[in-house]
Amino acid sequence: EILTKNYYKDYFNFVKPNGDFKRVFIGGVFKGENELESNDIIFLDESVAREIFGIDENKATDLVVNVANPLEIPTVASKIRLLYPDTRVITKEDLKVSYQNIFDYKSGIFLALFIVSVFTFFIIVYDKTSGLTSEEKREIGILKALGWRIEDILTEKFYEAFIIAAVSFVIGLALALFYVYFLNAPLLRDIFTGYSVLKPSFRLPFVFDFQALFLIFFTTVPIYIAACVIPSWRAATLEADEVIR
Numbered sequence: 004e005i006l007t008k009n010y011y012k013d014y015f016n017f018v019k020p021n022g023d024f025k026r027v028f029i030g031g032v033f034k035g036e037n038e039l040e041s042n043d044i045i046f047l048d049e050s051v052a053r054e055i056f057g058i059d060e061n062k063a064t065d066l067v068v069n070v071a072n073p074l075e076i077p078t079v080a081s082k083i084r085l086l087y088p089d090t091r092v093i094t095k096e097d098l099k100v101s102y103q104n105i106f107d108y109k110s111g112i113f114l115a116l117f118i119v120s121v122f123t124f125f126i127i128v129y130d131k132t133s134g135l136t137s138e139e140k141r142e143i144g145i146l147k148a149l150g151w152r153i154e155d156i157l158t159e160k161f162y163e164a165f166i167i168a169a170v171s172f173v174i175g176l177a178l179a180l181f182y183v184y185f186l187n188a189p190l191l192r193d194i195f196t197g198y199s200v201l202k203p204s205f206r207l208p209f210v211f212d213f214q215a216l217f218l219i220f221f222t223t224v225p226i227y228i229a230a231c232v233i234p235s236w237r238a239a240t241l242e243a244d245e246v247i248r
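Using this note's numbering, read the sequence shown as starting at 4 and increasing by one per residue.
Right, dumping it as structure tokens:
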């Protein structure tokens, strides 16, 4: 009831430096899929913003300086710093470097997670291709003793590996979707949004990239199937009594 009573639907009251209220009518709200970029943005007319913050017409918080010769930008920036030591001078190159460092930091974390995942996957593949366990060899030997052909054994191993890989892929995909869209990606979300306690809450928009999904599927499932079928083929070409022993 309290939230409903104090929730602004048609207008918002800003408090000016002198304590008065400035009522501004709400023209629109950003769509949900843009919440990650626009959750802390308010668009106002310049005159209204000056009135709310008490900034005179001849004053500004940010100034843009256009330099005709790009080679003179560092010199002009240095002169501005010398003339106005209490100002912060930022060039386009500084912004690019800053954003690049942020993206490199965030991408580096995901790159580390990706490398760990790939390394773990290929350890499993290497373990499969290095040879079968004694139980698996005994199983193949028993099947050959019962009259199974090499083609039958390979078909059975193919379906077995495919079912395991496909079910694991679906379970992993479901857990990933649950982690991101139902749990709202704890820990990983803070990497992109920061750790400020004042940031407003938002929901991540649902995005399903089929191209990336197919890429992950066809770069993992066939490799696992091959890692299971090839050792089985090697064992199936031997005599049944030799495999059982």
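Positions of the beta carbon are idealized from the N, C-alpha and C atoms, including for glycine.
Computed from a predicted structure; not experimentally measured.
When the Cα atoms are used, what is the spatial distance from residue i to residue j?
i	j	result
Leu6	Val27	The predicted position of Leu6 is uncertain, since its pLDDT is 49 and thus under 50; no value can be drawn from it.
Ser50	Pro20	15 Å
Asn69	Glu96	14 Å
Asp43	Ala80	30 Å
Ala168	Glu139	18 Å
Val249	Ala179	In the structure displayed, the chain extends from 4 to 248; residue 249 sits before or after that span and is not available.
Thr132	Ile233	7 Å
Ile29	Ile55	15 Å
Trp151	Ile105	59 Å
Phe124	Leu135	17 Å
Glu245	Phe181	48 Å
Ile45	Leu86	33 Å
Leu47	Gly31	11 Å
Tyr11	Asp59	28 Å
Pro189	Asp107	21 Å
Asn16	Leu98	34 Å
Phe122	Leu66	50 Å
Tyr14	Asn61	28 Å
Thinking just about the alpha-carbon of each residue, which of the options is nearest to the one in residue i?
i	options	result
Gly57	Asp23, Ile83, Lys131, Phe33	Asp23
Phe213	Leu176, Val183, Ala238, Pro234	Leu176
Ile166	Pro225, Glu139, Ile105	Pro225
Val210	Pro189, Ala188, Tyr184	Tyr184
Ala52	Val18, Gly134, Tyr182, Leu98	Val18
Ser120	Ile219, Asp13, Thr132	Ile219
Asn187	Arg84, Leu207, Asp48	Leu207
Phe172	Leu85, Leu216, Arg84, Leu241	Leu216
Arg237	Leu191, Arg192, Ile156, Leu190	Ile156
Give me whichever residues DSSP pairs with residue i in a beta bridge.
i	result
Lys34	Paired residue(s): none; Lys34 is not in a bridge.
Phe24	Val18
For residue i, which residues in the same chain have their Cβ closer than 8 Å to its Cβ, ignoring the five residues on either side in sequence?
i	result
Ser41	Phe33
Ile83	Val68, Thr90, Val92
Looking only at its chain, what residues have a beta carbon closer than 7 Å to the beta carbon of residue i, apart from the 5 residues adjacent to it on each side?
i	result
Ile194	Lys109, Ile112
Ile174	none
Take residue i and list the residues in its own chain whose beta-carbon comes closer than 6 Å to its own, dropping the five residues that flank it on each side.
i	result
Ile153	Ala239
Ala148	Ala243
Thr64	none
Counting Cβ pairs, one atom from each stretch, are 3 or more of them under 8 Å apart for the segment 73–90 and the segment 154–166?
no
Tell me whether the segment 88–96 and the segment 109–129 touch, counting them as touching only if at least three CB pairs, one residue from each stretch, are closer than 8 Å.
At 8 Å Cβ cutoff, the stretches do not touch.
Please confirm if the segment 221–238 is in contact with the segment 117–134, defined as three or more CB-CB distances below 8 Å between the two stretches.
Yes, the segment 221–238 touches the segment 117–134.
Is the segment 213–223 in contact with the segment 141–148, if contact means three or more CB pairs nearer than 8 Å?
no
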